[in-house]
Amino acid sequence: QVQLMESGGGLVQPGGSLRLSCVVSGSSASIQGMGWDRQAPGKERELVAGISRAGSTRYADSVKGRFTISRDNAKNTVYLQMNSLKPEDTDVYYCYAGPNAKTGSNYWGQGNQVTVSS
31 QVQLMESGGG
41 LVQPGGSLRL
51 SCVVSGSSAS
61 IQGMGWDRQA
71 PGKERELVAG
81 ISRAGSTRYA
91 DSVKGRFTIS
101 RDNAKNTVYL
111 QMNSLKPEDT
121 DVYYCYAGPN
131 AKTGSNYWGQ
141 GNQVTVSS
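Residues in the sequence shown are numbered consecutively from 31, following my numbering.
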């Protein structure tokens, strides 16, 4: 059983910063990628940033240059540093982990609200 525990969301003013963290616990040794999706009400979920076990990263065009994803494999933790936040970054952010190399499964956290507003 794989579980994801997120933290770090909240309310921030435009131009501010937040850091999201996600700890993966359980049978996570075969997890390949980790990252963050986000979803606003009425919209489809979109990839924000992802990072492979080897450390290669990818970002949505809308966050390139502002967000940085990193991971600590020893702690099974992925981080998303969000700088220069904009009101349009307001969303629920979901940590994901997967695929599991043994089962092919993907896993998501419970979601973390990020609100950018003055």
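The beta carbon of each residue, even a glycine, is placed where N, CA and C say it ideally should be.
Buried versus exposed, by CB contacts within 10 Å (16 or more), residue i
{"i": "M112", "result": "buried"}
{"i": "M64", "result": "buried"}
{"i": "S92", "result": "exposed"}
{"i": "S58", "result": "buried"}
Three-state class that DSSP yields for residue i in the structure shown
{"i": "E36", "result": "strand"}
{"i": "D91", "result": "coil"}
{"i": "E76", "result": "strand"}
{"i": "A104", "result": "helix"}
{"i": "P129", "result": "strand"}
Close-in-space but distant-in-sequence residues of the same chain around residue i (CB under 7 Å, 5 per side omitted)
{"i": "Y89", "result": "A79, F97"}
{"i": "S135", "result": "G128, P129"}
{"i": "Y137", "result": "V32, L34, Y126, A127, G128"}
Contacts around residue i, its chain only, beta-carbon distance under 6 Å, and the 5 residues preceding and following it disregarded
{"i": "T120", "result": "T145, V146"}
{"i": "V54", "result": "L34, N106, A127"}
{"i": "G85", "result": "none"}
{"i": "V108", "result": "C52, M64, R101"}
Close beta carbons around residue i, own chain, < 8 Å, minus the five adjacent residues each side
{"i": "S60", "result": "N130, A131, K132, T133"}
{"i": "Q62", "result": "S82, R83, G128, P129, N130, A131"}
{"i": "K73", "result": "none"}
Cβ-Cβ separation, residue j to residue i (assumed contact under 8 Å), whole Å
{"i": "N142", "j": "Y123", "result": "5 Å"}
{"i": "V42", "j": "L115", "result": "6 Å"}
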